[in-house]
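Here is the structure we will look at.
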Amino acid sequence: MAKILEKERLSEAVWRFRLHAPRIARKRKAGQFVILRPLEDSERIPLTVAGADPEAGWIDIIFQVMGKTTMQLRDLPEGASVRDLAGPLGKPTHIERFGRALCVGGGVGVAPLYPIISALFAAGNHVTTIIGARTEELIILEDDIKASCNRLLIATDDGSHGTKGFVSDVFKGLTEAGEKFDVAFVIGPVIMMKVTTALTVAAGIKTYASLNPIMIDGTGMCGGCRVTVNGQTKFACVDGPEFDASQIAWDETVTRLNAYKSFEARVRENYHECKIANA
Ligand code: NAD
Ligand code: FES
2 MAKILEKERL SEAVWRFRLH APRIARKRKA GQFVILRPLE DSERIPLTVA GADPEAGWID
62 IIFQVMGKTT MQLRDLPEGA SVRDLAGPLG KPTHIERFGR ALCVGGGVGV APLYPIISAL
122 FAAGNHVTTI IGARTEELII LEDDIKASCN RLLIATDDGS HGTKGFVSDV FKGLTEAGEK
182 FDVAFVIGPV IMMKVTTALT VAAGIKTYAS LNPIMIDGTG MCGGCRVTVN GQTKFACVDG
242 PEFDASQIAW DETVTRLNAY KSFEARVREN YHECKIANA
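In the numbering used here, the protein residues as written are 2 to 280.
Structure follows, in structure tokens:
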């Protein structure tokens, strides 16, 4: 059980929950995640630890309400507890003084990117961050990130905030201006990571992407999170979630992520109807 200390709505469908989890707060490192179940009969979902205070004993998780389980989580009130919480899981991000680091985040992928930005900045890197969303209201963590890097650039699909276009367009502008980077971290929708990686790799930048495939046990036993990297089967929960982005089989990753979409939509609809019926 982990008590919900605070709930904050960051955008239309994105929430930040602060959970009492002293042991995870002490051990977690940038790039790691937790697996939680909101209720006894919920599915298990992986969520990145977006921040933590080892002294106060809390961790922050940020999630987008997408299906039944994230709806169940959103519906828990402050002061209630999530049923179980396991972590920290996954390999931490390799952080060192690379030099000029580029971080690119799309949509809610900005949440898992934030601790990596902070860790790179704390390690003495010059950090340029590009974040993007469909529209201004969906941009999250702008102030937190601005305070944790050297330069923040924003893109929105509709031009309501920052540059009009995709995060990949902003990166193209930087390369056209002759900017060079020593390393890149890219997190967001798979198509955004695929497109951005093609550009950063073509520019000769070592690039890492963080994957969020379906996870069940989070310990390398169920095979649910398997991905192909450099022609080999890897498990995102224990071998990742970050991988050399130039070696990820992107099209297969998209296919596997979409495999349960229609089933998830049906379950979400049923949960919604049950809530209306019980209201
Ligand atoms: P979205 O679809 O609104 O896209 C967000 C931004 O990504 C866009 O504004 C744009 O800048 C960029 N983008 C989108 N399509 C692009 C393209 N074709 N080319 C270049 N850039 C593009 O994002 P959303 O709805 O917030 O994202 C939800 C998705 O993110 C879900 O599929 C979720 O699984 C995924 N996600 C991934 C991670 C991860 O760890 N990789 C974490 C959280 C969420
Ligand atoms: Fe089961 Fe990774 S979640 S192997």
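Backbone N, C-alpha and C define an ideal beta-carbon position, used for all residues, glycine too. Bear in mind the structure is a predicted one, so any value in this text is a computation, not a measurement.
For residue 92, no alpha helix (DSSP H) encloses it, and the DSSP letter there is neither H nor E. Secondary structure of residue 257 (DSSP, three-state): helix. Rounded to the nearest angstrom, the Cβ distance from residue 11 to residue 83 is 18 angstroms, too far for a contact under 8 angstroms. Contiguous alpha helix (DSSP H) elements confined to the segment 162–218 occur at 168–177, 191–203, taking only those with 4 or more residues. Per DSSP, residue 158 lies in no alpha helix (DSSP H) segment and is marked neither H nor E.
Relative to the non-hydrogen atoms of the ligand NAD, the Cβ of residue 189 comes within a distance shorter than 8 angstroms of at least one.
Around the beta carbon of residue 147, a 10 Å sphere encloses fewer than 16 other beta carbons of the protein chains shown; the residue is thus reported as exposed. Not one heavy atom of the ligand NAD falls within 8 angstroms of the beta-carbon of residue 90. Boundaries of the alpha helix (DSSP H) harbouring residue 75: 69–75, taken from the DSSP string.
At a cut-off of 8 angstroms, the beta-carbon of residue 169 counts as near the ligand NAD: some heavy atom of the ligand is closer than that. By alpha-carbon distance to residue 26, the top candidate from 167, 229, 90 is 90.
Annotated three-state conformation of residue 139 is helix, per DSSP. DSSP, reduced to helix, strand and coil, places residue 118 within a helical segment of the structure shown.
Excluding residues up to 5 positions away in sequence, 14, 15, 109 lie with their Cβ nearer than 6 angstroms to the Cβ of residue 65 in the same chain. In the DSSP assignment, no residue is bridged to residue 147. At least 9 angstroms separates the beta-carbon of residue 131 from that of residue 112. When the Cα atoms are used, residue 80 and residue 199 turn out to be separated by approximately 45 angstroms.
Distance from the CA of residue 127 to the CA of residue 40, rounded to the nearest whole angstrom, comes to 42 angstroms.
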